[in-house]
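Colleague: Here it is: the structure, laid out below.
Protein chains: 2
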Amino acid sequence: MRQAETRDAFEARLRAIGAERYHDKHPFHALLHLGGCTQDQVRAWVLNRYCYQEAIPRKDAAFISRVEDPALRRAWRSRIEDHDGSAEHEGGIARWLRLAEAVGLDPDYVASKRGALPATRFAVEAYVRFVREMPLLDAVASSLTELFAPKIHKDRIAGLLAHYDFANEASLAYFQRRLSEAPRDVAFGLAFVLDHADTLEKQDAAAAALTFKTDVLWAQLDALHSAYVEPGRVPPGAWQPGEGMLA
Amino acid sequence: MRQAETRDAFEARLRAIGAERYHDKHPFHALLHLGGCTQDQVRAWVLNRYCYQEAIPRKDAAFISRVEDPALRRAWRSRIEDHDGSAEHEGGIARWLRLAEAVGLDPDYVASKRGALPATRFAVEAYVRFVREMPLLDAVASSLTELFAPKIHKDRIAGLLAHYDFANEASLAYFQRRLSEAPRDVAFGLAFVLDHADTLEKQDAAAAALTFKTDVLWAQLDALHSAYVEPGRVPPGAWQPGEGMLA
Numbered sequence: 499m500r501q502a503e504t505r506d507a508f509e510a511r512l513r514a515i516g517a518e519r520y521h522d523k524h525p526f527h528a529l530l531h532l533g534g535c536t537q538d539q540v541r542a543w544v545l546n547r548y549c550y551q552e553a554i555p556r557k558d559a560a561f562i563s564r565v566e567d568p569a570l571r572r573a574w575r576s577r578i579e580d581h582d583g584s585a586e587h588e589g590g591i592a593r594w595l596r597l598a599e600a601v602g603l604d605p606d607y608v609a610s611k612r613g614a615l616p617a618t619r620f621a622v623e624a625y626v627r628f629v630r631e632m633p634l635l636d637a638v639a640s641s642l643t644e645l646f647a648p649k650i651h652k653d654r655i656a657g658l659l660a661h662y663d664f665a666n667e668a669s670l671a672y673f674q675r676r677l678s679e680a681p682r683d684v685a686f687g688l689a690f691v692l693d694h695a696d697t698l699e700k701q702d703a704a705a706a707a708l709t710f711k712t713d714v715l716w717a718q719l720d721a722l723h724s725a726y727v728e729p730g731r732v733p734p735g736a737w738q739p740g741e742g743m744l745a
Numbered sequence: 499m500r501q502a503e504t505r506d507a508f509e510a511r512l513r514a515i516g517a518e519r520y521h522d523k524h525p526f527h528a529l530l531h532l533g534g535c536t537q538d539q540v541r542a543w544v545l546n547r548y549c550y551q552e553a554i555p556r557k558d559a560a561f562i563s564r565v566e567d568p569a570l571r572r573a574w575r576s577r578i579e580d581h582d583g584s585a586e587h588e589g590g591i592a593r594w595l596r597l598a599e600a601v602g603l604d605p606d607y608v609a610s611k612r613g614a615l616p617a618t619r620f621a622v623e624a625y626v627r628f629v630r631e632m633p634l635l636d637a638v639a640s641s642l643t644e645l646f647a648p649k650i651h652k653d654r655i656a657g658l659l660a661h662y663d664f665a666n667e668a669s670l671a672y673f674q675r676r677l678s679e680a681p682r683d684v685a686f687g688l689a690f691v692l693d694h695a696d697t698l699e700k701q702d703a704a705a706a707a708l709t710f711k712t713d714v715l716w717a718q719l720d721a722l723h724s725a726y727v728e729p730g731r732v733p734p735g736a737w738q739p740g741e742g743m744l745a
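Chains as they are written, first to last, in the working numbering: chain X, 499 to 745; chain H, 499 to 745.
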């Protein structure tokens, strides 16, 4: 039987997955962050990415629904509130819809998800179902793309502020807020995975789960790029520029 | 309350969904059928489409698992055998793997699905889960893309025979066989949907299910086109030309 990797080697293996496959390497992000997107390409990104944002609290609720340890449930619960908000605090989804408004989209249209690419929905729902169906360790491991998120959020804030008129503190509040939320979440998730992946088989499964999640993110950008950048073929029924705009 | 459409009007509505959105309109099919694909593009199509073929009997088993009427279960069961085969008869999946061999791919590699595009898997599994989770009427309606399949299979047989060296009666046996299987299945499915969609609400749901299924098919070709035709960017981990070839 092969031995489990050491904690450090296993963490390095997880980080290497991000270095190779995280969607910061996708050319759409270079285009977006360097100011190369048209307004409509930014809109297409905002309205498709909404589907992902909206699914995250469902994913986290699916996770909590399977956990029998009240302490773990309690530790995970803030993720739902971060996105859905509370009576006192706006959540990430509301912040995302302010970004949608800032780029000229009707937030109700965006929230309806009517114009989203089918491929976006397939990828996002694959993630929700993964967390609903797979072992808890794999479910936590799939959240570890957050390890790689702070850099992309910083690049995005700087890039959008530098290149786009719609960008300001209010419209980019989502990303600013994630800079403090994500590290807290991922520190917990990483410790959980390093603690619980105590055989090579579990380490392999956790690495596969993180790889799966990078696929979920990459596939969304590929579909976006294909529909709205190159070759620029919008699938039947998906958003066309001009639809869903603020009155 | 709005009235249900007549049987004829509702059938026409379902057929119009195919006329607008079925994947015979996707440019990849024109490329394939007119001889414009490279060998590697054909291989990419064969190995990705395998994922869809392999999922069909799981989808049909998921359907049968939810049906309480033995007669309906019995009527549906041949679909599993058509694809998986029996002791006496080769099934559609085995025929598909012969096509894979004919284009030079190792059938074990294809069957492993290791090189398939993540977007293919997300779309295909969305279909399996739709049939597992949605009302039975919607599940049956989602199978009605078979209404539009005979024409594409005939075009494909003619186009592949005309343009590609690998094409012959043996390698294209899958498509030839579907020309007799699909009409029988879809006659049953269409009658079921027309009989059971007896309110406008159910008709709308059945039309939405068929639309969803056209999205599942279209998204697969979009991902294929994006990875291997234009812009030709293969996602991390997916098949690269040269991999998985017959020794």
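Backbone N, C-alpha and C define an ideal beta-carbon position, used for all residues, glycine too.
Could you tell me which whole alpha helix (DSSP H) segments of length 4 or greater appear in the region 518-563 of chain H?
Modeller: 525-531, 537-562
Colleague: Taking beta-carbon pairs under 7 angstroms, can you tell me which members of the region 613-633 of chain X lie near chain H?
Modeller: P616, A617, F620, A621, E623, A624, R627
Colleague: How about G534 (chain H) and A736 (chain H): do their beta carbons lie closer than 9 angstroms?
Modeller: no
Colleague: Using a cut-off of 9 angstroms between C-beta atoms, extract the partners of R564 (chain H) located in chain X.
Modeller: None at all; the shortest Cβ gap to chain X is about 17 angstroms.
Colleague: Please identify the residue among H:A707, H:F526, H:A510, H:N546 whose C-alpha is closest to the C-alpha of P616 (chain X).
Modeller: Selected option, being the one with the closest Cα: H:A707.
Colleague: Can you check whether the C-beta of D713 (chain H) is within less than 9 angstroms of a C-beta belonging to chain X?
Modeller: yes
Colleague: Using a Cβ cut-off of 8 angstroms, pull out every chain H residue sitting near E518 (chain X), in sequence order please.
Modeller: P734
Colleague: What would DSSP say about L603 (chain H), mapped onto helix, strand or coil?
Modeller: strand
Colleague: For W716 (chain H), go through chain X and note every residue whose CB falls closer than 8 angstroms to its CB, in chain order.
Modeller: P616, P733, P734
Colleague: Within its chain, find whatever has a CB closer than 7 angstroms to the CB of Q501 (chain H); leave out the 5 residues flanking it on each side and keep chain order.
Modeller: Result list for Q501 (chain H): L698, in chain order.
Colleague: Give the residues of chain H in contact with D720 (chain X), contact being defined as C-beta atoms less than 8 angstroms apart.
Modeller: The contacting residues are A617, A721, S724, A725, R731, P733.
Colleague: Thinking just about the alpha-carbon of each residue, which of X:W594, X:L530, X:I515 is nearest to the one in Y550 (chain X)?
Modeller: X:W594
Colleague: Evaluate contact between the region 575-585 of chain X and the region 502-522 of chain X, counting only Cβ atoms and requiring at least three cross-stretch pairs below 8 angstroms.
Modeller: no
Colleague: For chain H, is any of its Cβ atoms less than 9 angstroms away from the one on T643 (chain X)?
Modeller: no
Colleague: Can you pull the chain H residues whose beta carbon is under 8 angstroms from the beta carbon of E728 (chain X), in chain order?
Modeller: E728, P729
Colleague: Just checking, does the region 728-745 of chain X make contact with the region 617-632 of chain H on the three C-beta pairs under 8 angstroms criterion?
Modeller: Counting Cβ pairs under 8 angstroms, fewer than three are found: no touch.
Colleague: Would you mind reading off the limits of the alpha helix (DSSP H) that contains L688 (chain H)?
Modeller: 671-694
Colleague: Kindly give me the distance between the Cβ atoms of L719 (chain X) and F508 (chain X), rounded to whole angstroms, as I take these residues to be in contact under 8 angstroms.
Modeller: L719 (chain X) to F508 (chain X), Cβ: 28 angstroms. No contact.
Colleague: Touch check for the region 682-698 of chain X and the region 665-684 of chain H: three-plus C-beta pairs under 8 angstroms?
Modeller: no
Colleague: State the start and end residues of the unbroken alpha helix (DSSP H) segment that holds W574 (chain X).
Modeller: Looking at the DSSP string, the run of the alpha helix (DSSP H) that includes W574 (chain X) is 568-582.
Colleague: Look at the Cβ atom of A637 (chain H), then the Cβ atom of L512 (chain H), and state whether they are nearer than 9 angstroms.
Modeller: no
Colleague: Throw me the rounded Cβ distance for the R541 (chain X) and G602 (chain X) pair, which I believe falls under 8 angstroms.
Modeller: 7 angstroms
Colleague: Are the Cβ atoms of L658 (chain X) and V691 (chain X) separated by less than 9 angstroms?
Modeller: No, the pair does not count as a contact, with Cβ atoms beyond the cut-off.
Colleague: Using a threshold of 9 angstroms, state whether the C-beta atoms of L634 (chain X) and F686 (chain X) are closer than that.
Modeller: One thing to note: L634 (chain X) has its Cβ no nearer than 9 angstroms to the Cβ of F686 (chain X).
Colleague: Here's a check: name, in chain order, each residue in its chain whose Cβ is nearer than 7 angstroms to the Cβ of A721 (chain X), leaving out the five neighbours to either side.
Modeller: In chain order, L615, A617, T618 place their CB closer than 7 angstroms to the CB of A721 (chain X), counting only its own chain and leaving out the 5 sequence neighbours on each side.
Colleague: From what residue to what residue does the alpha helix (DSSP H) around H723 (chain H) run?
Modeller: 698-726
Colleague: If you draw a straight line from the alpha carbon of Y607 (chain X) to that of W716 (chain H), how long is it in whole angstroms?
Modeller: Their Cα atoms are separated by approximately 23 angstroms.
Colleague: Any beta carbon from chain A within less than 9 angstroms of T709 (chain X)'s own beta carbon?
Modeller: Absent from the structure is chain A; the protein chains it does hold are X and H.
Colleague: From Y730 (chain X) to Q738 (chain X), what distance separates their C-alpha atoms?
Modeller: Per the sequence shown, the amino acid found at residue 730 (chain X) is Gly instead of Tyr. Roughly 11 angstroms between the two C-alpha positions.
Colleague: With a cut-off of 8 angstroms on the beta carbons, I'd call P544 (chain X) and A585 (chain X) a contact; round off their distance for me.
Modeller: One point to set straight first is that residue 544 (chain X) is Val, not Pro, in the sequence displayed. Beta-carbon to beta-carbon, V544 (chain X) and A585 (chain X) are separated by about 26 angstroms, too far to satisfy the 8 angstroms threshold.
Colleague: Just to confirm, is the Cβ distance from D713 (chain H) to P734 (chain X) under 9 angstroms?
Modeller: yes
Colleague: Using a 10 Å radius around the Cβ and a threshold of 16 neighbouring Cβ atoms, would you call S610 (chain X) buried or exposed?
Modeller: exposed
Colleague: K649 (chain H) CB to nearest chain X CB: under 9 angstroms?
Modeller: No, K649 (chain H) does not count as interfacial toward chain X.
Colleague: Distance cutoff 9 angstroms, beta carbons only. Does P555 (chain H) sit that close to anything in chain X?
Modeller: no
Colleague: So, for F646 (chain H): in the same chain, excluding its five sequence neighbours on each side, which residues have a beta-carbon less than 6 angstroms away from its beta-carbon?
Modeller: G516, Y520
Colleague: For T504 (chain H), count neighbouring Cβ atoms within 10 angstroms of its own Cβ and tell me buried if that reaches 16, exposed if not.
Modeller: Label assigned to T504 (chain H): exposed.
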